[in-house]
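Take numbering that gives the first Met the number 0: the final residue in the sequence shown is number 395, and no numbers are missing along the way. C-beta: ideal position from N, C-alpha, C; glycine also. Just so we're clear, the structure is a prediction, and the values are computed from it rather than from any experiment. Worksheet for the structure shown next.
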Amino acid sequence: MDKKEVKNLLKNQRLETPSWGYADSGTRFYVFTQSSAARTLEEKLEDAAQVQKLTGVCPSVAIHIPWDKTDDWGRITRFAKDLGLSIGAANPNLFQEQEYMLGSVCNPDETIRKKAVDHMLECVEIMKITGSKDLSIWLADGTNYPGQDSFRARKRRMEDSFREVYEKLDQRMRMLFEYKFFEPYFYNTDLPDWGTAYLLSVAFGEKAAVLVDLGHHPLGTNIEQIVAYLLDEGKLGGFHFNNKKYADDDLVVGSVNPYELFLIYNELVSASLDADTRACADGVAYMIDQSHNIKNKIEATIQSVINIQEAYAKALLVDRNALASAQKEGRVLDAEECVKDAYNTDVRPLLREVREEMGLDPDPMSAFRRSAYSKKKAKEREKKKGTAKMSSGFQG
Ligand code: PSV
Ligand code: MN
């Protein structure tokens, strides 16, 4: 790939940022407050607009309902548009209602399952107004004890409930199934892995695909292989980028294991160059899903974007012909070195050039700090001091 082509692809990269990444968050032990953190959806969008202004590759914002609930989605859509943004994936919340103690769509009680389905249908209605394409579903359902419920009964309830929602999607909409192997339940999770998410998306059809959240696998899982298989099956729908050391840590993507992120992009680039997998690769939605507990939220988001850009740029530099020859001839060390050569390239000068050609500051982090935006917002956004109560790490 020549330099011009690489630069074009980098300019056209798109990364969605999460509304909740701009708000106060914490662990289940404490929610830390930051004086500049966004409190309302409008403030979250204002902050996302800063990220877009400085990076040029983050024009959409994922919403989480009801964290971002508003009574006028038309107004919010226009508000976002005026800021140069669009509303991205809609994330229903199937995990923060008293009735969901024994599950939402897998609950043994039909009326509770209906409540969960109605909530997802409400999200579909919101998507019609905002123009969102993806209904991004993370199912927290599971059980805590052996014998608590029937695996097969729960699987069938899940399928039946999701099918009701699938049937109500517009032609342009997709349903993305986000799996996670444990938490908040600790004996079983009803949608625990890519196999289950794949089964659902195959059972439903073309408008369903799998979403890979990098934090949702057991330690040691080869995520890049999962990505490659899903691309090969035409069922990779999207990502939630973040990084982990232990469990679902929601740290800045590329902070703990940048090589893994690069290897994931290596599979994406390879699939985008293959006629059999190009369509699927082109349709992947790239979203960030992180909890910025102790970093300035906008800085953490800009840092995430830079880390992703670097991983993608490096993957674009892999010498595909040399790699294919080494693989074919069984030159194991050469094949590995070919991948590592690209990984070890300093792509920062290239990305600075790309940003300058896009009319942006070559160093978005310094530009953000110079703008003193957070200082100004801290004054504007009178913050209440946090209370030391047990609270969810998720904050809308
Ligand atoms: C669950 O851990 C998850 O990854 C889902 O995407 C949720 O919607 C999100 O985190 C909330 O932060
Ligand atoms: Mn996620």
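Using the Cα positions of residue i and residue j, report the straight-line distance between them to the nearest angstrom.
i: P145; j: K296; result: 40 Å
i: D362; j: R351; result: 7 Å
i: K167; j: N92; result: 18 Å
i: Y285; j: E15; result: 6 Å
i: T54; j: C337; result: 30 Å
i: G75; j: A36; result: It should be pointed out that residue 75 corresponds to Ile in this sequence rather than to Gly. Taking the straight line joining both Cα atoms gives about 19 Å.
i: K3; j: L322; result: 21 Å
i: I222; j: E259; result: 8 Å
i: T26; j: K313; result: 33 Å
i: A196; j: K378; result: 45 Å
i: G236; j: P107; result: 30 Å
Report all residues from its chain with a CB closer than 6 Å to the CB of residue i; omit the five preceding and five following residues, and keep chain order.
i: S390; result: Summary for S390: the model assigns pLDDT 38, below 50, so the residue's position carries little reliability; its value from the coordinates is reported in the next sentence. Excluding sequence neighbours, S390 sits near V30.
i: R153; result: C105 and D189
i: H118; result: P91
i: Y264; result: A310, Y311 and A314
Assign residue i to buried or exposed, taking buried as 16 or more other Cβ atoms, counted over all protein chains shown, within 10 Å of its Cβ.
i: R354; result: buried
i: P17; result: buried
i: N306; result: buried
i: M100; result: exposed
i: G73; result: exposed
i: S149; result: exposed
i: N227; result: At residue 227 the sequence reads Ala, which differs from the Asn that was named. Per the 10 Å Cβ criterion, buried.
i: E309; result: buried
i: T110; result: exposed
By DSSP, does residue i sit in helix, in strand, or in coil?
i: A137; result: Looking at the sequence provided, one finds Trp at residue 137 rather than Ala. It is a strand residue.
i: S468; result: Since the displayed the chain opens at 0 and closes at 395, residue 468 lies outside it and no answer follows.
i: V283; result: coil
i: V201; result: helix
i: T220; result: coil
i: N187; result: strand
i: A207; result: strand
i: D212; result: strand
i: F393; result: Since pLDDT at F393 reaches only 49, below the 50 mark, its modelled position is unreliable, and the value read off the structure follows with that caveat. It is coil, neither helix nor strand.
i: L168; result: coil
i: F176; result: strand
Please work out which residues of its chain come closer than 7 Å, Cβ to Cβ, to residue i, disregarding the five sequence neighbours upstream and downstream, and give them in chain order.
i: T276; result: L230, D231 and A270
i: Q51; result: C57, P58, G83 and L84
i: F180; result: T188, P191, D192, H215, H216 and P217
i: D333; result: A325
Taking the runs of the alpha helix (DSSP H) that are 4 residues or longer, which of them lie wholly in the stretch 3 to 52? none
Which runs of the alpha helix (DSSP H) at least 4 residues long sit entirely within the stretch 227 to 272? Give them in chain order. 257 to 271
What residue ranges within the stretch 70 to 151 form continuous beta strand (DSSP E) runs of no fewer than 3 residues, ordered along the chain? 85 to 91 and 133 to 137
Report the start-end ranges of each alpha helix (DSSP H) in the stretch 331 to 370 that is 4 residues or longer and not cut off at the edges. 331 to 342, 347 to 356 and 363 to 370
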